[in-house]
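**Student:**
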Amino acid sequence: MDIEQFRKAGYQAIDRICDYYYSLNDKPVVAQVEPGYLRRALPESAPEQGEPWSAVLSDYEKLIVPGLTHWQHPSFFAYFPTASTFEGMLGDLLSSSTANPGFNWLASPACTELESVVMDWAARMFGLDRTFHNESKVGGGVIQTTASDSALTAIVAARTRYLEQHPGTPLEALVIYVTTQTHSFGKKAGLVLGLRVRALEVRAEDHWALRGETLGAAVEEDHRKGLHPFILIATVGTTSSGAVDHVADVGATIKEKFPSLWLHVDAAWAGVTLACPELRETAQLAGINEYADSLCVNFHKWGLTNFDASAFWVRDRNLLINALDITPEYLRTKHGDEGTVIDYRNWHLSLGRRFRSLKLWFVLRGFGVEGFQAYIRRCISLNNSFADYIRASAIFELITPPSFALSVFRLRPDASTSESASLDELNALNRAFVAAAQTQHGILLTQTDIDNVLCVRFAVGAARTEVGHIENACKLLEEVGMHCLAGKKVGTSA
Numbered sequence: 001m002d003i004e005q006f007r008k009a010g011y012q013a014i015d016r017i018c019d020y021y022y023s024l025n026d027k028p029v030v031a032q033v034e035p036g037y038l039r040r041a042l043p044e045s046a047p048e049q050g051e052p053w054s055a056v057l058s059d060y061e062k063l064i065v066p067g068l069t070h071w072q073h074p075s076f077f078a079y080f081p082t083a084s085t086f087e088g089m090l091g092d093l094l095s096s097s098t099a100n101p102g103f104n105w106l107a108s109p110a111c112t113e114l115e116s117v118v119m120d121w122a123a124r125m126f127g128l129d130r131t132f133h134n135e136s137k138v139g140g141g142v143i144q145t146t147a148s149d150s151a152l153t154a155i156v157a158a159r160t161r162y163l164e165q166h167p168g169t170p171l172e173a174l175v176i177y178v179t180t181q182t183h184s185f186g187k188k189a190g191l192v193l194g195l196r197v198r199a200l201e202v203r204a205e206d207h208w209a210l211r212g213e214t215l216g217a218a219v220e221e222d223h224r225k226g227l228h229p230f231i232l233i234a235t236v237g238t239t240s241s242g243a244v245d246h247v248a249d250v251g252a253t254i255k256e257k258f259p260s261l262w263l264h265v266d267a268a269w270a271g272v273t274l275a276c277p278e279l280r281e282t283a284q285l286a287g288i289n290e291y292a293d294s295l296c297v298n299f300h301k302w303g304l305t306n307f308d309a310s311a312f313w314v315r316d317r318n319l320l321i322n323a324l325d326i327t328p329e330y331l332r333t334k335h336g337d338e339g340t341v342i343d344y345r346n347w348h349l350s351l352g353r354r355f356r357s358l359k360l361w362f363v364l365r366g367f368g369v370e371g372f373q374a375y376i377r378r379c380i381s382l383n384n385s386f387a388d389y390i391r392a393s394a395i396f397e398l399i400t401p402p403s404f405a406l407s408v409f410r411l412r413p414d415a416s417t418s419e420s421a422s423l424d425e426l427n428a429l430n431r432a433f434v435a436a437a438q439t440q441h442g443i444l445l446t447q448t449d450i451d452n453v454l455c456v457r458f459a460v461g462a463a464r465t466e467v468g469h470i471e472n473a474c475k476l477l478e479e480v481g482m483h484c485l486a487g488k489k490v491g492t493s494a
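Residue numbering for the sequence shown follows full-length UniProt numbering, starting at 1 and increasing by one per position.
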């Protein structure tokens with residue numbers, strides 16, 4: 001493909017993207033295909049000769065689009081939102097056109113410098129303490145791939161710091177702390193690094209949030225066993241329930257009693273609420289600014305920026321560099337040796353990296369802080385409308401208080417039978433309800449388990465979701481719920 005052919009093909013691809021978004025509301029949310037459909041449709045080997053672009057684009061439309069689950073659909077309420085904006089798409093397109101790996105400043109100065117600037121823009125938008133800004137030259141921010149990579153990077157840095165402070169500590173005695181509500185990446189990090197992971201119990205009466213008292217008791221217990229907890233992953237907006245750990249309380253406990261314990265705050269989903277001043281208290285900004293050693297916010301979830309773009313801030317950049325700096329001769333540069341530039345390869349686990357800051361720059365400029373705030377507030381308002389429907393419903397109940405743009409609920413029988421229904425029966429009923437709801441083409445939700453209670457998550461966040469989509473979801477869920485209740489009466493042997 002030469003330059004002019006690419007120009008024409010690019011116009012065609014953009015036209016297909018526009019047509020896709022024009023028709024998105026009319027598509028089923030979930031892909032209507034069976035496992036193995038694509039392998040059966042494609043040849044066993046790549047073509048010997050190149051094919052015309054028109055054929056490739058036609059097959060994309062015919063074979064790929066039907067196999068997509070449409071995360072950008074206005075009736076997608078599963079998992080958490082994955083942003084996809086036109087500003088972000090254009091940023092991705094232009095960043096791919098230059099393909100700069102950005103492992104050090106010299107590899108492409110614009111890649112490093114734009115990332116440093118936009119991470120400071122985001123830090124100011126979120127109200128983060130100046131220590132977290134790149135221009136402070138103390139801490140700073142870097143764009144990782146996902147929250148899992150951000151957490152793994154924090155754990156590696158925390159481990160290095162702890163072992164330097166406590167030389168001779170055996171690796172098998174080190175412990176990563178998460179809670180019973182923490183995302184699964186905590187356990188996976190333990191598998192990757194070969195370290196123990198302990199999930200601290202959180203309670204319903206605390207709305208599943210970790211308190212300093214619980215942390216303190218766990219550390220003292222492990223110390224008596226000869227174990228060495230070295231990092232705690234606290235969460236602002238857990239996956240299952242949207243719980244928000246008491247960061248200030250936990251941080252104060254660490255500072256007073258266990259200063260060697262690194263505090264990483266995973267705010268992958270809910271961290272974007274820090275952009276709204278009225279939400280900062282709920283989102284624990286004061287505790288983050290005073291006590292957190294590191295913080296993660298995923299712009300590619302609820303932050304209008306296309307996957308992947310996980311913002312990771314650290315209070316002391318030297319702790320990252322000390323843990324991760326490997327500089328063979330072929331990577332040495334004058335500016336790097338002088339310490340006058342950031343070499344981002346030393347801020348994460350990989351060497352090469354994508355030019356992710358370009359799409360974040362486009363998004364922040366395209367929406368502005370006010371537009372970003374308006375989007376967050378609108379999603380929360382839509383979720384509040386859904387929560388109001390659940391509260392007023394005769395067949396549903398909230399399991400946890402709504403958290404920002406997330407509601408967790410379950411189907412329940414009427415009051416006359418609910419008292420005689422066992423937990424197992426209610427869980428079976430809700431499992432059937434979720435299965436039935438997922439057969440509906442016009443909506444997608446996911447289930448979760450909170451303290452052995454099977455319940456349903458409703459997460460608002462698609463950029464094109466409007467009040468009508470919430471109303472349609474309520475109507476559909478009511479119909480499915482009534483059908484499930486009529487099919488099996490809970491609390492009886494019927």
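Where a beta carbon is used, it is the ideal one built from N, C-alpha and C, also for glycine.
1) Please look up how many angstroms separate the CB atoms of T180 and E201, rounded, as I've assumed it's under 8 Å.
2) Pick helix, strand or coil for D449, following the three-state DSSP scheme.
3) According to the Cβ coordinates, are N306 and G88 closer than 8 Å?
4) What are the boundary residues of the beta strand (DSSP E) that includes I143?
5) In its own chain, which residues sit with a C-beta less than 6 Å from the C-beta of S150, not counting the 5 before and 5 after it?
6) By how many angstroms is the C-alpha of A218 removed from the C-alpha of G194?
7) Just grab the DSSP bridge partners of C111 for me.
8) Rounded to a whole number of angstroms, what is the C-alpha to C-alpha distance between T465 and P74?
9) Taking all protein chains shown into account, do 16 or more other C-beta atoms lie within 10 angstroms of the C-beta of V30, making it buried, or fewer, making it exposed?
10) Do V250 and L285 have their CB atoms nearer than 8 Å?
11) If we require 3 or more residues per run, which beta strand (DSSP E) segments fall completely within the stretch 388-424?
12) Considering only residues of the same chain and omitting the five flanking positions on each side of G190, which have a CB-CB separation below 7 Å?
13) Measuring alpha carbon to alpha carbon, tell me which residue in C18, F77 and E4 is nearest A462.
14) Measure how close the beta-carbons of L406 and R457 come, nearest whole angstrom, since I'm counting them as under 8 Å.
15) Can you tell me which of T253, A122 and P28 puts its alpha carbon nearest to the alpha carbon of G368?
16) Mapping DSSP to helix, strand and coil, what is D26?
17) Taking 8 Å as the limit between beta carbons, can you name the residues of its chain near V480, skipping five residues before and five after?
18) Hey, how far is the Cα of Y162 from the Cα of L261?
19) Inspect the CB distances between the stretch 343-356 and the stretch 95-110 and report whether three or more fall short of 8 Å.
20) Would you kindly work out how many angstroms separate the C-alpha atoms of F396 and A55, rounded to a whole number?
21) CB-CB under 6 Å to H228, same chain, minus the five flanking residues each way: which ones, in chain order?
22) Mind checking if H133 is an interface residue toward chain D, Cβ cutoff 8 Å exclusive?
23) Should M119 go down as buried or exposed, given a rule of 16 or more other Cβ atoms within 10 Å for buried?
24) Following the continuous alpha helix (DSSP H) through W53, name the residue where it begins and the one where it ends.
25) Leaving out five residues before and five after E61 in sequence, what residues of the same chain have Cβ atoms less than 8 Å from its Cβ?
26) Report, in whole angstroms, the separation of the C-beta atoms of V460 and L382, which I expect to be a contact under 8 Å.
27) Please determine, among I450, A283 and A275, the residue with the shortest C-alpha to C-alpha distance to E370.
28) Assign C18 to buried or exposed, taking buried as 16 or more other Cβ atoms, counted over all protein chains shown, within 10 Å of its Cβ.
29) Comparing C-alpha positions only, which one of A394, V142, P259 and L279 sits nearest to Q165?
30) In or out: A46 buried (at least 16 other Cβ within 10 Å) or exposed?
31) For R198, write down the residues that DSSP places opposite it in a beta bridge.
**Tutor:** Let's see:
1) The C-beta distance from T180 to E201 rounds to 6 Å, short enough to fall under 8 Å.
2) Strand, per DSSP.
3) In this structure, the beta-carbon distance from N306 to G88 falls below 8 Å.
4) Counting along the chain, the beta strand (DSSP E) containing I143 begins and ends at G140 to Q144.
5) The residues are Q144, C296, S310 and F312.
6) Roughly 21 Å separates the two Cα atoms.
7) The partner list for C111 (beta bridge, DSSP) is empty, contrary to what the question assumes.
8) About 4 Å.
9) Buried, since its Cβ has 16 or more Cβ neighbours within 10 Å.
10) The Cβ atoms of V250 and L285 lie no closer than 8 Å to each other.
11) Taking 3 residues as the minimum length, the beta strand (DSSP E) runs contained wholly in the stretch 388-424 are 396-398 and 406-411, in order along the chain.
12) Here G190 has I176, R196 and V197 as same chain residues with Cβ atoms under 7 Å from its own Cβ, once five neighbours each way along the sequence are excluded.
13) Considering only alpha carbons, the answer is F77.
14) About 7 Å separates the beta carbon of L406 from that of R457, a gap short enough to meet the 8 Å contact definition.
15) The shortest Cα separation from G368 among T253, A122 and P28 belongs to A122.
16) DSSP places D26 within a helical segment (H, G or I) once states are collapsed to three.
17) Excluding sequence neighbours, V480 sits near F433, A436, A437 and Q440.
18) Computed Cα separation, rounded: 8 Å.
19) Short answer: they touch.
20) Their backbone Cα atoms lie some 49 Å apart in a straight line.
21) Excluding sequence neighbours, H228 sits near T169, A173 and L174.
22) This model lacks chain D altogether, as it is built from one protein chain only.
23) Buried, since its Cβ has 16 or more Cβ neighbours within 10 Å.
24) W53: member of the alpha helix (DSSP H) spanning W53 to D59, first to last residue.
25) Cβ neighbours of E61 within its own chain (closer than 8 Å, five residues either side excluded): R16.
26) Correct: roughly 5 Å between the Cβ atoms.
27) Answer by Cα proximity: A275.
28) With fewer than 16 Cβ atoms within 10 Å of its Cβ, C18 is classed as exposed.
29) Its Cα nearest to that of Q165, the residue P259 stands out among A394, V142, P259 and L279.
30) With fewer than 16 Cβ atoms within 10 Å of its Cβ, A46 is classed as exposed.
31) Paired residue(s): Y177.
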